[in-house]
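Residue numbers (the numbering used here), protein chains in the order written: chain A, 263 to 745; chain B, 44 to 274.
First comes the structure, then the notes that go with it.
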């Protein structure tokens, strides 16, 4: 029965999607209930994995390699917990954001399909099943992104859809090679059979390139800023915080669990690191130059994805042991912190945009100051994006810099510190508009239902993942957090 | 498109093709690895159907097929979110009307046959659904504004029918049976047929609705369409 609970984080949002399609009149209530159920099941699986052991089930009763496996280990559980909590916050926010709007009818079904595919990616143990999940993910994400209906949004998301398809097909080509060579699609079985060969190397390159295109790794990030900046706020939050992370999660999963060390070697890791460095510098620079708040947040996502790829050369160069475990945990912590912080940032930016009617940074002063809770959320999320203590990304960057010292790869330090400085510059550029223009407002919260989810998500990125980063280590099965 | 860009893409794709051919000759041509096909055929008598493709789609890898149906649902929801459907064509001339009157029932009957035959020969829900969808396309071309589909509320139920029944069977088996989508051997055949029937209806409705190309028109009004064209 416990292994069947692995299906619930995928089946419940799917059921929610079907119900809200069939019964459109009951949409917000059904949506809230299904969101609660989905979050509950996701956290339940995370708790099981954390407190007891890794979960696994092969559907259909056929066993491997004929059936499709689902599995939850610490890595999946950590990302599943993120998608559950960010998903719940976004859902609550969306009830208010779309209230009384025709778009509400289109948001909920597509969002639940997207949520099912997010959880499905994190729990899948089968390479072809992952392809199906990525298709569902890409299609529902592009449709959600175009919900504003503006020409710019439809154009950007059509491009996103096509780029996503190209990425999935490239990934599928790699999967086909692996199946042809080794006769199984299960990641566990495949990792036992796989040998360093031209076939495995070709598959590695194709799968990683396809996924990097979906993860918007520099210079394949061109589709991301317009698509994320033109979507409705709750959709932008989910796209930036969760959808991009699925492709990163898969690259990390393949790198750590599937491909032999002869293939995931120093040269391959260095290429990923260099692309990550390019993303950090270019994304931060463009964020600094952005004129609109949501465009700033989107370019900041490009930069933050870059940091995640900087971990690959360090993980590769560090011999197995506590130091390597620390790096892997820090990489996951960085991804989770960005997930919470960026979701909070986009939700808060959406409130500013709704109130002011635009999101041009230069003209936001008065609006930002009249919404203290929202501005506070932006500041909290911003401190996590910069990597200020006590946020989770501070610890992650600390471990990353220590790893770079110990691996003797000092050049990454320059990239990390330049990126951090640029991030501080673009965050303070936003915050500086929020002071000293109007009399101080009377109350902290102006619209509790919409502001509290944004505030909690931003708060989680700073306090939950920063002051209490230890659980991430124990969830991944590693010994204690670094002092 | 820019000529230089097309040239660059051409070069990249050729390099990729060369790489794949090289991989094929160095590894696969020398040693075609193990396959799952013998295992799939060996288990065929336990799967409830006698055609291996149907066994893979609806039994061994039923979870993938469930999600493929969800992909179709996402596609139609995406189309509906982009706005109302454009108005249909004018009513068909006498020749097309007669043709449609013959072809549409034939397509529906053939679809039913393909659905049934999928258990032991090539066929099944996707083929049958495609035929139903094409019947809808013909109806729309012949001037039927909603491509033969009912009103919006009913269409919503039709497009979720496939995933809905599939998921319900899966969850009921998880609660009362051996596990999610684990059919008992005795009832596998009938469960698969039930799921395939719902899937056929959902696929056919989804394809027809996708061809209409937007949210369903409110009322059935071929006369309104012809008035638009006349004006």
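Backbone N, C-alpha and C define an ideal beta-carbon position, used for all residues, glycine too.
Only a predicted model underlies this, so the values are computations on that prediction, with no experimental measurement involved.
* Asked: Can you list the residues of chain A that residue 217 (chain B) reaches, using a CB-CB cut of under 7 Å?
  -> Sequence index remark: in the second chain, residue 217 (chain B) carries index 174 (1-based). Ordered by position in chain A, the residues that pass the 7 Å Cβ test against residue 217 (chain B) are 266 and 269.
* Asked: List, in order along the chain, the chain A residues whose C-beta lies closer than 9 Å to that of residue 200 (chain B)?
  -> Taking the first residue of the second chain as position 1, residue 200 (chain B) is located at position 157. Within chain A, the residues near residue 200 (chain B) are 283 and 284.
* DSSP beta-bridge partners for residue 331 (chain A)? -> Taking the first chain and counting its residues from 1, the one referred to as residue 331 (chain A) is at position 69. Bridge partners of residue 331 (chain A): A:320.
* Asked: Would residue 230 (chain B) count as contacting chain A if we go by Cβ distances under 8 Å?
  -> Residue mapping note: residue 230 (chain B) aligns to position 187 of the second chain, counting from 1. Answer no: the Cβ-Cβ gap between residue 230 (chain B) and chain A never drops below 8 Å.
* Would you verify that the beta carbon of residue 454 (chain A) is, or is not, closer than 8 Å to some beta carbon of chain B? => Counting from one through the first chain, the residue named residue 454 (chain A) turns up at place 192. Not an interface residue.
* What does residue 210 (chain B) reach in chain A if we use C-beta pairs closer than 9 Å? -> The residue given as residue 210 (chain B) occupies position 167 in the second chain. Within 9 Å Cβ-Cβ: 273, 276, 277 and 280.
* Any residues in the segment 314–338 of chain A with a beta carbon nearer than 8 Å to a beta carbon of chain B? Which ones, in chain order? -> 319, 321, 322, 323, 324, 327, 328, 329 and 330
* **the segment 580–592 of chain A / the segment 535–545 of chain A touching (three or more Cβ pairs under 8 Å)** => no
* To do: Return the Cβ separation of residue 480 (chain A) and residue 544 (chain A) in integer angstroms, given the expectation that the two are a contact with Cβ distance under 8 Å.
  => Within the first chain, numbered from 1, the residue matching residue 480 (chain A) stands at position 218. Within the first chain, numbered from 1, the residue matching residue 544 (chain A) stands at position 282. Yes, residue 480 (chain A) and residue 544 (chain A) are in contact; Cβ-Cβ is about 6 Å, under 8 Å.
* To do: Less than 8 Å between the CB atoms is what I'm expecting for residue 565 (chain A) and residue 558 (chain A), so what's the real figure, rounded?
  => Position 303 of the first chain, counted from the start, is the residue given in the question as residue 565 (chain A). Position 296 of the first chain, counted from the start, is the residue given in the question as residue 558 (chain A). The pair is not a contact, with the Cβ atoms about 11 Å apart (cut-off 8 Å).
* Residues near residue 228 (chain A) by beta carbon distance below 7 Å, same chain, minus five either side -> The question about residue 228 (chain A) has no answer, for chain A in this structure spans 263 to 745.
* **Coarse secondary structure for residue 227 (chain B), derived from DSSP in three states** => Taking the second chain and counting its residues from 1, one reaches residue 227 (chain B) at position 184. Three-state result, residue 227 (chain B): coil.
* **Residue-level contact to chain B via CB, residue 653 (chain A), 8 Å cutoff** => By 1-based counting over the first chain, the position of residue 653 (chain A) is 391. Not closer than 8 Å to any Cβ of chain B, the Cβ of residue 653 (chain A) fails to qualify, so no.
* When the Cα atoms are used, what is the spatial distance from residue 255 (chain B) to residue 207 (chain B)? -> The residue labelled residue 255 (chain B) in the question sits at position 212 within the second chain. The residue labelled residue 207 (chain B) in the question sits at position 164 within the second chain. The alpha-carbon atoms of residue 255 (chain B) and residue 207 (chain B) are separated by roughly 23 Å.
* Asked: Would you report the Cα separation of residue 426 (chain A) and residue 641 (chain A), rounded to the nearest angstrom?
  -> The count along the first chain starts at 1 and reaches residue 426 (chain A) at position 164. The count along the first chain starts at 1 and reaches residue 641 (chain A) at position 379. Distance between the alpha carbons of residue 426 (chain A) and residue 641 (chain A): 32 Å.
* To do: Could you check what DSSP says for residue 189 (chain B) in three-state terms: helix, strand or coil?
  => Position 146 of the second chain, counting from 1, holds the residue named residue 189 (chain B). Coil, per DSSP.
* Asked: With a cut-off of 8 Å, does the C-beta of residue 223 (chain B) fall near any C-beta of chain A?
  -> As a position in the second chain, residue 223 (chain B) is number 180, starting the count at 1. Closer than 8 Å to some Cβ of chain A, the Cβ of residue 223 (chain B) qualifies, so yes.
* Asked: Along chain B, in chain order, which residues have C-beta atoms closer than 7 Å to that of residue 422 (chain A)?
  -> Within the first chain, residue 422 (chain A) is the residue found at index 160, counting from 1. The premise fails here: residue 422 (chain A) is roughly 12 Å from chain B at the closest Cβ pair, so nothing lies under 7 Å.
* Asked: If you drop the 5 nearest sequence neighbours on each side, which residues of the same chain put their C-beta closer than 7 Å to that of residue 372 (chain A)?
  -> Translated into positions along the first chain, residue 372 (chain A) becomes position 110. 402, 405 and 406, listed in sequence order.
* Asked: chain A partners of residue 330 (chain B), CB-CB under 7 Å?
  -> Residue 330 (chain B) lies beyond the residue range present for chain B, which begins at 44 and ends at 274; the question has no answer from this structure.
* **For residue 168 (chain B) and residue 625 (chain A), the rounded distance between their alpha carbons** => Here residue 625 (chain A) refers to the residue found at position 363 when the first chain is read from its first residue. Here residue 168 (chain B) refers to the residue found at position 125 when the second chain is read from its first residue. If you take the alpha carbons of residue 625 (chain A) and residue 168 (chain B), they lie about 56 Å apart.
* Asked: In whole angstroms, what separates the C-alpha of residue 692 (chain A) from that of residue 555 (chain A)?
  -> Position 430 of the first chain, counted from the first residue, corresponds to residue 692 (chain A). Position 293 of the first chain, counted from the first residue, corresponds to residue 555 (chain A). Answer to the nearest angstrom: the Cα atoms are 8 Å apart.
* Which chain B residues sit within Cβ distance under 8 Å of residue 394 (chain A)? -> Here residue 394 (chain A) refers to the residue found at position 132 when the first chain is read from its first residue. Within 8 Å Cβ-Cβ: 107, 110, 111 and 114.
* Consider the Cβ of residue 123 (chain B): report whether some Cβ of chain A lies at a distance smaller than 8 Å. => As a working mapping, residue 123 (chain B) is identified with position 80 in the second chain. Residue 123 (chain B) counts as touching chain A.
* State the DSSP-derived secondary structure class of residue 77 (chain B), mapped to helix, strand or coil. => As a first step, residue 77 (chain B) must be located in the second chain, where it is residue number 34. Coil, per DSSP.
* May I ask you to report which of helix, strand or coil DSSP gives residue 104 (chain B)? => Indexing the second chain from 1 puts residue 104 (chain B) at position 61. Three-state DSSP puts residue 104 (chain B) in coil, outside helix and strand.
* To do: Write down every uninterrupted run of the alpha helix (DSSP H) in the segment 390–470 of chain A whose length is 4 residues or greater and which is fully enclosed by it, in chain order.
  => 413–444 and 449–455
* To do: Give me the Cα-Cα distance between residue 186 (chain B) and residue 429 (chain A), rounded to the nearest whole angstrom.
  => What you label residue 186 (chain B) is simply residue 143 of the second chain in a count that begins at 1. What you label residue 429 (chain A) is simply residue 167 of the first chain in a count that begins at 1. Their backbone Cα atoms lie some 39 Å apart in a straight line.
* To do: Would you please verify whether the beta carbon of residue 697 (chain A) is less than 8 Å from any beta carbon of chain B?
  => Here residue 697 (chain A) corresponds to residue number 435 of the first chain, with the count starting at 1. For residue 697 (chain A), the answer is no, since every Cβ of chain B falls outside 8 Å of its Cβ.
* Asked: In chain B, what lies closer than 8 Å to residue 750 (chain A) by C-beta?
  -> Shown here, chain A extends from 263 to 745; a query on residue 750 (chain A) therefore has no answer.
* To do: Give me whichever residues DSSP pairs with residue 127 (chain B) in a beta bridge.
  => For the purposes of this step, residue 127 (chain B) is taken as residue 84 along the second chain, with counting starting at 1. BP columns for residue 127 (chain B) point to B:258.
* Asked: Residues in the segment 53–71 of chain B with C-beta within 9 Å of chain A's C-beta atoms, listed in sequence order?
  -> 59, 62, 63, 65, 66, 67, 69, 70 and 71
* Asked: Which chain B residues are close to residue 634 (chain A), counting only those with a beta carbon under 9 Å from its beta carbon?
  -> As a first step, residue 634 (chain A) must be located in the first chain, where it is residue number 372. None at all; the shortest Cβ gap to chain B is about 35 Å.
* **Boundaries (first-last residue) of the alpha helix (DSSP H) holding residue 490 (chain A)** => Position 228 of the first chain, counting from 1, holds the residue named residue 490 (chain A). Note, residue 490 (chain A): alpha helix (DSSP H), 486–491.
* Asked: So, is the C-beta of residue 51 (chain B) closer than 8 Å to a C-beta in chain A?
  -> In the second chain, residue 51 (chain B) corresponds to position 8, counting from 1. Judged by the 8 Å Cβ criterion, residue 51 (chain B) is not in contact with chain A.
* To do: Taking C-beta pairs closer than 7 Å, name the residues in chain A that residue 241 (chain B) reaches, listed in chain order.
  => By 1-based counting over the second chain, the position of residue 241 (chain B) is 198. The premise fails here: residue 241 (chain B) is roughly 12 Å from chain A at the closest Cβ pair, so nothing lies under 7 Å.
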